[in-house]
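Report on one structure; see the data block that follows.
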Amino acid sequence: MSNSHRAGAPQGAGFILNNFVIASVGGQGGLLATRVIADVLVRTGAQVKTSEVHGMAQRGGSVMSFVRRGVGDFSPVIDPGTADALLGLELLETARALPFLRPGAVVIANTECVTPVPVITGQSKMPGDLAATIRKAAGRLVLVPAGEIAVRLGSGRVANVVCLGALAACSGIDQALWLDVVAAAVPPRTVDLNLKAFAEGVALAKP
Amino acid sequence: MAKDPQTALLYGNEAIARGAWEAGVRVATGYPGTPSTEIIEAMAVLADRDDVYVEWSSNEKVALEVAIGASIAGVRAMACMKHVGVNVAADPLMSAAYMGVNGGLVLVTADDPGMHSSQNEQDNRWYGKFAHIPVLEPSDSAEALAFTAEAFELSEQFDTPVLLRSVTRISHARSLVQLGERQAPAPHPYVKDTAKYVIIPANARKLKPKVLERMDRLAGFAETSPLNRIDWPAGLPVGHRATRGFVTGGMSYSLVKEAFPDDPVLKLGMAYPVPANMLRDFASRVDRLYVVEELDPFWQAELRWLGLQPVGKEIFPAAGELSTTVVRMAVARHEGLAITGPAADSGAAEVAPRDAIADQAEPLPARPPVLCPGCPHRAAFYVLRKLRLTVTGDIGCYTLGVMPPLSSMDTTICMGASIGAAIGMRRALPPEQADKVVAVIGDSTFVHSGIAPLIDAAYNRTDVVVVIMDNLTTAMTGHQGNPASGMDARHQPAHQLSLEELVKACGVERLWVVDPNDLKAMETAMRAALVPAQGPAVVISRRLCALIDASLRGRDLVTVDLDACIACGICFRLGCPALAKNADGKPVVQPGLCVGCDQCVQVCPTGALASSRGGDRQ
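Going line by line, the protein sequences match chains X and G. When the letters of the first sequence are read in order and numbered with my numbering, they come out as residues 1 to 207. When the letters of the second sequence are read in order and numbered with my numbering, they come out as residues 1001 to 1618.
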């Protein structure tokens, strides 16, 4: 086997996602989502790399992380124009990550919007219709009112898992794998709640 | 979480800890700093209490000195820090390089190209050349594990400290590793050897030639060590010349392999010293020789020293992180090739990722990191801003006090520099300006390197005001313990340093201890401290970090009476992310963010903002 890079290339006949960007605001659970996606991809038997930037993650700043699946040597960082899928846990951050998408990419976007401090203080303005901007760049877009769903289920904290469910439904990867990994990644007493949240996301994304 | 229990998806930092553990490390030290922090955290989890001694040291110099002592005593020891931490530890490092080791000694430096969380992007490979010690540089988590273990072997084989260099994209990237068992090398007996371990001039003069001879032997080792290797493409006969070849290593290796998978690559796993013959031979087999490295032209200079003429920083940026696209585009442009691939298709090919983000049609508002809702630093900075002070700052969460609307920081230099800088400004400015200079420093940073400058102020009777922002933890890097918090690296109770007694012992006679969330008390203390006097004054602004304060577990505890609100905007001067502005310029509590610290309730002049906690707060 050549040790050349094959991340991003279609594997097999089906449509399989290889390069994932996860965009969130610090404290939203973006790093947990990154871990879940990575662990699922590892279980498919692939080489997996993730990259994230810590330090400011809890301070409400933009947090972007990457998960890649491939063969041989490849960078853990996704370059602009090459992501197959974007999991956006907040609408403004989803829009910010659009330059990373390749044409035709899948976008899962939480419709919640967290106002950044420069907008609160009047230094900058929120742009117009973020959802429309995102729709233009996406091959397939699933808008997820994850906050509302999570609150209805009993905890706003599972919004990220609702979004993961929607991503899983578009991933071409066995749902059972996702369920196993989600159950193992969350605190034991919250497993049932998280699996319900996951199922809501799956239902939303089903064509 | 992998299928095979012997493989795991580990961060580079976890893999470094694992590698040291498998190599039988007995003493592991460090000071928290992004992107290095998780090495010691992982070691504290991995290692049995009796098996490995793990500590958060009071600073990086102490961390390395503890590791040196353990090495002299005969066991394997490791000190871990971020790149600028090595500057703090440089003094013992330079001595240890002469002394050599008894048990293996490894210094881990985690560099931060791109300055994701740092004040500079210094390239710490230079410390290898500077101190005359070898440098190993892994390219992924599997190598992070293997190279750390190898570093201990090299250290003992060549009687030298070894520098292991990581970067953010190694430390905070995960990839699959094979796990091994812990080895238990027998400790080397401690034998008193003053000619080796007391580096007075007479001894150091004898040690220096040995150091130089050691580097010659290491350069010879580099020629044959599997740490360095050539990936020669399978389709290209070995005797044939390739049109191009790359010398690279570390993070850049994976970029080159992804951008040019079919070209020959000489991978330097040992970043210093470099293998001269291997490099000359490789250069003779390729038409165009490229050196791909992030930051400084370190290897390029080494190759030039060998008389080779590689292409390097003429086409690859010397600032920031490289990327697959940047490497591919730079080579394509240099060779006049057509640009193809996904990056070109997307139109993003001409720019690095961050520029691409900035380049969008409709500019998006930035989301800089901010002080958290309920953060006690916010209250303290609000008061400093109100008093219109000149503030020398320091390194920690509170550095975010520089951001609008608090905008209450004038300088930030390096760990511990706030107090010295304030002394200098006080001594240099005209009196009416000098009286406004205040230093702010966090609890962990004060213990790290703020004590000596405070003693300096007391000793020289400099009338400087120091605010110690004590949130009882090392918050920025993820709530590690420190001497003032009374918690150790294993989250166990430890001796708790009394900042009050320490400050008094430094010679400070005027001391206030206040809860900054009581804004009136904070202002009163600051006004008192600012009264001109002989010698320094200290205000300890003490309140537990809001992220770990169990009393701030509520949500949406502040209510707004929009009829009572006069839209004066004073509450927005706090810069709290939980308070958004509606179309009338009045505050709206953002769902899920307010923790009920009641700072805004205190600044509201009309009582429009009210706490639903009732009267039990003050």
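We put the CB at the ideal spot given by N, CA and C, even for glycine.
Cβ pair residue i, residue j closer than 8 Å
| i | j | result |
| --- | --- | --- |
| Thr1248 (chain G) | Lys1267 (chain G) | yes |
| Ala1422 (chain G) | Ala1439 (chain G) | yes |
| Ile1315 (chain G) | Pro1264 (chain G) | no |
| Val119 (chain X) | Pro1365 (chain G) | yes |
| Pro1032 (chain G) | Gln1480 (chain G) | yes |
| Leu1519 (chain G) | Val1603 (chain G) | yes |
| Val25 (chain X) | Gly81 (chain X) | no |
| Ala1533 (chain G) | Asp1463 (chain G) | yes |
| Leu91 (chain X) | Leu101 (chain X) | no |
| Leu1472 (chain G) | Cys1545 (chain G) | yes |
| Leu1387 (chain G) | Met1526 (chain G) | yes |
| Val151 (chain X) | Ala166 (chain X) | no |
| Arg1385 (chain G) | Ser1407 (chain G) | yes |
| Trp1512 (chain G) | Val1531 (chain G) | no |
| Thr1392 (chain G) | Val1465 (chain G) | no |
Of the residues the options, the one placed nearest residue i, counting alpha carbons only
| i | options | result |
| --- | --- | --- |
| Ser1254 (chain G) | X:Ile78, X:Gly147, X:Thr82 | X:Ile78 |
| Arg35 (chain X) | X:Met126, X:Pro188, X:Ala203, X:Val182 | X:Val182 |
| Leu39 (chain X) | X:Val53, X:Met126, X:Phe66, X:Glu93 | A small fix is needed here, since residue 39 (chain X) is Asp in this sequence, not Leu. Looking at the Cα atoms, X:Phe66 is the closest of the given residues. |
| Val1211 (chain G) | G:Ala1271, G:Gln1183, G:Ala1097, G:Thr1194 | G:Ala1097 |
| Val1062 (chain G) | G:Asp1050, G:Val1045, G:Tyr1053, G:Thr1029 | G:Thr1029 |
| Thr1559 (chain G) | G:Arg1543, G:Pro1430, G:Ile1566, G:Asp1598 | G:Asp1598 |
| Glu1181 (chain G) | G:Leu1093, G:Lys1129, G:Arg1076, G:Leu1046 | G:Leu1046 |
| Gly93 (chain X) | X:Asp84, X:Val191, X:Val107, X:Pro103 | The sequence shown places Glu at residue 93 (chain X), rather than the Gly named in the question. Selected option, being the one with the closest Cα: X:Val107. |
| Thr1007 (chain G) | X:Val42, X:Asp84, X:Gly27 | X:Val42 |
| Asp84 (chain X) | X:Phe74, X:Val117, X:Pro99 | X:Pro99 |
| Thr1619 (chain G) | G:Asp1394, G:Met1078, G:Ala1184 | Outside the shown range of chain G, which is 1001 to 1618, sits residue 1619 (chain G), and nothing can be said about it. |
| Pro1161 (chain G) | G:Asp1561, G:Arg1426, G:Thr1109 | G:Thr1109 |
| Ala105 (chain X) | X:Glu112, X:Arg96, X:Arg135 | X:Arg135 |
| Arg1174 (chain G) | X:Ala131, X:Cys163, X:Leu31 | X:Leu31 |
| Ala1149 (chain G) | G:Thr1324, G:Glu1302, G:Arg1026, G:Ile1419 | G:Arg1026 |
| Ile1441 (chain G) | G:Leu1429, G:Cys1397, G:Trp1299, G:Ala1131 | G:Cys1397 |
| Ala1318 (chain G) | G:Gln1309, G:Ala1330, G:Gly1307 | G:Ala1330 |
| Val1514 (chain G) | G:Thr1037, G:Glu1523, G:Gly1507, G:Gly1250 | G:Glu1523 |
| Ala138 (chain X) | X:Gln28, X:Leu164, X:Ala109 | X:Ala109 |
| Gly1069 (chain G) | G:Ser1284, G:Cys1375, G:Ser1095, G:Ala1259 | G:Ser1095 |
| Leu130 (chain X) | X:Thr111, X:Arg157, X:Gln175, X:Leu179 | X:Thr111 |
| Phe1158 (chain G) | G:Lys1129, G:Leu1429, G:Ile1133, G:Lys1192 | G:Ile1133 |
Cut-off 8 Å between Cβ atoms - residues of its own chain near residue i, not counting five sequence neighbours on either side
| i | result |
| --- | --- |
| Gly1074 (chain G) | Asn1102, Gly1103, Pro1187, His1188, Pro1189, Tyr1190 |
| Ala1567 (chain G) | Asp1584, Gly1585, Lys1586 |
| Asp1140 (chain G) | Gly1012, Ile1170, Ala1173, Ser1175, Ser1254 |
| Lys206 (chain X) | Ala169 |
| Pro1633 (chain G) | There is no way to answer for residue 1633 (chain G), as the model of chain G reaches only from 1001 to 1618. |
Beta-carbon contacts of residue i that lie in its chain and below 7 Å, excluding the five residues immediately before and after
| i | result |
| --- | --- |
| Ala1144 (chain G) | Gly1012, Ala1015, Ile1016, Gly1019, Pro1138, Ser1166, Ile1170 |
| Arg6 (chain X) | Model confidence at Arg6 (chain X) stands at a pLDDT of 43, short of 50, so the residue's coordinates are unreliable; what they give is reported in the following sentence. Once the five neighbours on either side are set aside, the close Cβ partners of Arg6 (chain X) are Gly70, Val71, Gly72. |
| Ile1040 (chain G) | Ala1028, Gly1030, Val1054, Trp1056, Cys1080, Ala1489 |
| Gly1058 (chain G) | A small correction: the amino acid at residue 1058 (chain G) is Ser; Gly does not occupy that position in the sequence shown. These residues qualify, in order along the chain: Val1447, His1448, Pro1483. |
| Glu1350 (chain G) | Annotation note: pLDDT 42 at Glu1350 (chain G) (below 50); position unreliable, coordinate value reported separately. Here the set comprises nothing. |
| Ser1346 (chain G) | A caution first: Ser1346 (chain G) carries a pLDDT of 44, below 50, which makes its placement in the model too unreliable to give a value. |
| Gln1183 (chain G) | Glu1022, Ala1023, Gly1024 |
| Arg1125 (chain G) | Val1135, Arg1165, Ala1271, Tyr1272, Phe1298 |
Residues near residue i by beta carbon distance below 6 Å, same chain, minus five either side
| i | result |
| --- | --- |
| Pro1113 (chain G) | Glu1121, Val1167, Glu1294, Leu1295, Glu1321 |
| Pro1405 (chain G) | Arg1573, Gly1575 |
| Arg1354 (chain G) | Below a pLDDT of 50, predicted positions are generally treated as unreliable, and Arg1354 (chain G), at 42, falls in that range; the measurement from the model is reported next regardless. Cβ within range, chain order: n/a, list empty. |
| Ser1071 (chain G) | Ala1077, Val1101, Asn1102, Gly1103, Leu1105 |
| Ala23 (chain X) | Met64, Gly88, Glu93, Thr94, Ala97 |
| Arg1288 (chain G) | Arg1244 |
| Pro188 (chain X) | none |
Run of the alpha helix (DSSP H) containing residue i, from where it starts to where it stops
| i | result |
| --- | --- |
| Cys986 (chain G) | The question about residue 986 (chain G) has no answer here: the residues shown for chain G are numbered 1001 through 1618. |
| Phe1221 (chain G) | 1201-1224 |
Start-to-end residues for the beta strand (DSSP E) that takes in residue i
| i | result |
| --- | --- |
| Asp1287 (chain G) | 1286-1292 |
| Gln1178 (chain G) | 1173-1178 |
| Ala83 (chain X) | 83-88 |
| Ala1008 (chain G) | 1007-1011 |
| Met1078 (chain G) | 1077-1082 |
| Gln1309 (chain G) | Premise fails: Gln1309 (chain G) is in no beta strand (DSSP E) and is neither H nor E. |
| Tyr1272 (chain G) | 1270-1272 |
> If you scan the segment 115-182 of chain X from start to end, which runs of the alpha helix (DSSP H) of 4 or more residues do you find wholly inside it?
Replying inline: Whole alpha helix (DSSP H) segments, 4+ residues: 117-120, 130-137, 146-153, 159-170.
> In chain order, which continuous runs of the alpha helix (DSSP H) of length 4 or greater are located wholly inside the segment 1087-1150 of chain G?
Replying inline: The qualifying runs are 1090-1099, 1126-1131.
> Enumerated in chain order, which unbroken segments of the beta strand (DSSP E) with a length of 3 residues or greater are wholly contained in the segment 1445-1531 of chain G?
Replying inline: As far as the segment 1445-1531 of chain G is concerned, its whole beta strand (DSSP E) runs of at least 3 residues are 1465-1470, 1510-1514.
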